[in-house]
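Residue numbering for the sequence shown follows the numbering used here, starting at 982 and increasing by one per position. Virtual Cβ for every residue (Gly too), placed ideally from N, Cα, C. Note sheet for the following structure.
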Amino acid sequence: MAAAGQPSSEVLVTDLPKFDLQQYISNYRGRTVFRRLYLIASCSAALREEAAKLAVLEARKGSDVNNFKAAVALLASIPGYRDRDSDGLLDQSWAVAQQKTNARETNRLENELKGYKNNLIKESIRMGNEDLGNHYYKIGDLAHAAKAYARMRDYCTTPLHIASTAFRTIAINIEMKNWLGVHSQINKVRSLQMKQEELARTQPKVNAAMGLQQMCSGEYRDAAISFLSTDPSLGDSYNEFITSNDVAVYGGLCALASMTRAELQARVLESQSFRSFLELEPHIRRAISFFYASKYRQCLQILESYRADYLLDIYLQPHVNEIYRRVRTKAIVQYFVAFSKVTLAGMESTDSADAAGGNDQAAAASSQAFRDELISLIQSGELDARIDLESNTLIAKTTDQRAEMQKTALETVDRFIQDAHLKLIRLNVLNAGLEVVVDKKRLQQLQLQQQANWAAGAGDDGWADDAGLSLNAGGLPLASGAGRASRVGR
């Protein structure tokens, strides 16, 4: 079982990823190194033992005993590893010694903080809470770390101090997957009045963190915009969570899943700033270029070849299937736009990442799955078409544009007659020297009722006499509810 706050997954990746594990993990620093190694060891059949060993070694570099115990348990669960543990990675003596060290350090920092509070020096108290929060964060006590950082906020005297506190709180919320908390802290940083050089350092991290929060919340279009707005100066300044390579992958996939072909061209491929990120992951640029050029099969093939890599990414894994589904749906819809009728076989060969090979049974299963996918898209309203099973064709629904135009014209005439009728009533009332006294509450209720009738397609079948109006002459009430003439049916 994973330690508290550690990633866990039931996803099993049998394919070998394209990345080299040690080179991949060297791009990160901080607690995310262990968390990524632990996820890979939990999910990858090919890299399980290597990743578990690296996770144990990484845990020993830090102070989190729970991380170490979780990694050792995972390594011990590999069949036959106990018999060949020549490096002594399963030895628990490190955990016992580290727990004592952590307890001593906690007591020391808490006593120091008490001394600072007695001296009433704000900066010392702020730094004492910061040191204590950093210590709790390193040993994996995220709840106490969050409390220490929250106390820091009361002793911050500059915008830079507030931003630093917010980023530390963001780190805790990201690890706890509290995305609402991440969003709240990002808004705090954005509202700060900082110097230009300080803003230039923090803005790329803010955009990257916001994009990560939006992607993990399923807001793929907003995430794409945030990643596309990230300045290349981000570099490795935020690699305790996200690297420039991740920005390219996350931003490219979210854009593919949510943006039109025109937007992909203008906002992604022609973006000078995002081009620097795409150069780090050229396959993402090729996939987007293929999609823009309507070469959907090549685009899907590239994405499918990197599926194993993305399923081993700690933030992307829960969204891979949904993002791929959206990209595939867009490909099917965009391909069909140019046709009034197309064969299912021809469409499948264009929009499938790989062709069913081998035997007729596999081909039949693939065709049936593709047909079921089209039926699902039609039922959900994403694809405006119908399937002719007899001829195995997909046929676009045709609309009578003449009838639609006539319907729109008649609706416009009805609205004009209604407005003219109301204006005539008002003129007659004014010519008679009467004063219109409006019961605003009743009138609002009537307007809402009429809007509901129009929305339901009932049209204007009649006008109620009691519209909440009273007619006065010389200050004396003449009639109530007679402010509108009755007009039932036309």
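| Item | Value |
| --- | --- |
| For ILE1120 and ASN1159, believed in contact at Cβ under 8 angstroms, the rounded distance | About 19 angstroms separates the two Cβ atoms, so there is no contact after all. |
| Residue nearest to LYS1186 in terms of C-alpha spacing, selected from ASN1220, THR1393, PRO1060 | ASN1220 |
| Which listed residue (MET1108, GLU1156, VAL1301, ASP1122) has its alpha carbon closest to that of THR1146 | MET1108 |
| Inter-residue Cα distance where the pair is LEU1193 and ASN1168 | 14 angstroms |
| ASN1409, buried or exposed, once every other Cβ within 10 Å from all chains shown has been counted against 16 | exposed |
| Where ILE992 sits in the DSSP three-state scheme | Contrary to the premise, residue 992 reads as Val rather than Ile in this sequence. Coil, per DSSP. |
| Between the CA atoms of ILE1102 and LYS999 - distance to the nearest angstrom | 54 angstroms |
| Same chain only: Cβ atoms within 7 angstroms of GLY1246, ignoring 5 sequence neighbours per side | Note that residue 1246 corresponds to Gln in the displayed sequence, not to Gly. The answer, listed in chain order, is TYR1273. |
| Contacts around ARG1010, its chain only, beta-carbon distance under 6 angstroms, and the 5 residues preceding and following it disregarded | ASN1220, GLU1221 |
| One or two residues paired with THR1324 in a DSSP bridge | THR1374 |
| Sequence-distant residues of the same chain with beta carbon closer than 7 angstroms to ASP1217, five excluded per side | THR1224 |
| Residue span of the alpha helix (DSSP H) that contains PRO1263, given as start and end | 1263–1273 |
| At least three beta-carbon pairs within less than 8 angstroms, the region 1300–1319 to the region 1018–1034 | no |
| Beta-carbon proximity of SER1270 to LEU1250, cut-off 9 angstroms | yes |
| Nonlocal neighbours in the same chain, by C-beta distance under 8 angstroms from TRP1479, ignoring five residues either side | The requested residue 1479 does not occur in the structure, where the chain is confined to residues 982 to 1471. |
| Three-state class that DSSP yields for SER1254 in the structure shown | helix |
| Rounded distance between the beta-carbons of ASP1212 and GLN1184, thought under 8 angstroms | 7 angstroms |
| 9 angstroms Cβ cutoff, PRO1060 in contact with chain C | Here chain C cannot be found, since the structure has a single protein chain. |
| Exposure label - ALA1336; buried when at least 16 CB within 10 Å | At ALA1336 the pLDDT is 49, less than 50, meaning the model places this residue with poor confidence; the figure from the coordinates comes in the next sentence. With fewer than 16 Cβ atoms within 10 Å of its Cβ, ALA1336 is classed as exposed. |
| Cβ-based burial, GLN1195 [other Cβ within 10 Å; buried from 16] | buried |
| Under 9 angstroms between C-beta atoms of LEU1141 and GLU1179 | yes |
| Residues bridged to SER1025 (per DSSP) | VAL994 |
| Helix, strand or coil at LYS999 [DSSP, three-state] | coil |
| Nearest-angstrom Cα separation, counted from ASN1154 out to VAL1046 | 20 angstroms |
| Within the region 1009–1057, ranges of the alpha helix (DSSP H) (whole runs, at least 4 residues) | 1012–1024, 1029–1042, 1046–1057 |
| Beta-carbon proximity list for LEU1056, same chain, < 7 angstroms, skipping 5 on both sides | ALA1033, LYS1034, VAL1037, TYR1062, LEU1070, LEU1071 |
| Helix, strand or coil at ALA1197 according to DSSP, with G and I counted as helix | Note on residue identity: the sequence assigns Cys, not Ala, to residue 1197. Three-state result, CYS1197: helix. |
| Residue from ALA1078, LEU1403, HIS1402, ARG1278 with nearest C-alpha to TYR1316 | ARG1278 |
| Same chain, Cβ closer than 6 angstroms to GLN1387, neighbours up to 5 away in sequence not counted | none |
| Buried or exposed (CB count within 10 angstroms, at least 16 for buried), ASP1294 | buried |
| Beta-carbon proximity check, CYS1280 vs ALA1268, cutoff 9 angstroms | yes |
| Buried/exposed call for LEU993, threshold 16 Cβ in 10 Å | exposed |
| Through-space distance from LEU1355 to ASP1068, alpha-carbon basis | 54 angstroms |
| Alpha-carbon spacing of ALA1052 relative to GLY1233, whole angstroms | 33 angstroms |
| Residue range of the unbroken alpha helix (DSSP H) whose run includes ASP1122 | No alpha helix (DSSP H) contains ASP1122, which DSSP labels as neither H nor E. |
| Test item: CB-CB of LEU1209 and SER1257 under 9 angstroms | no |
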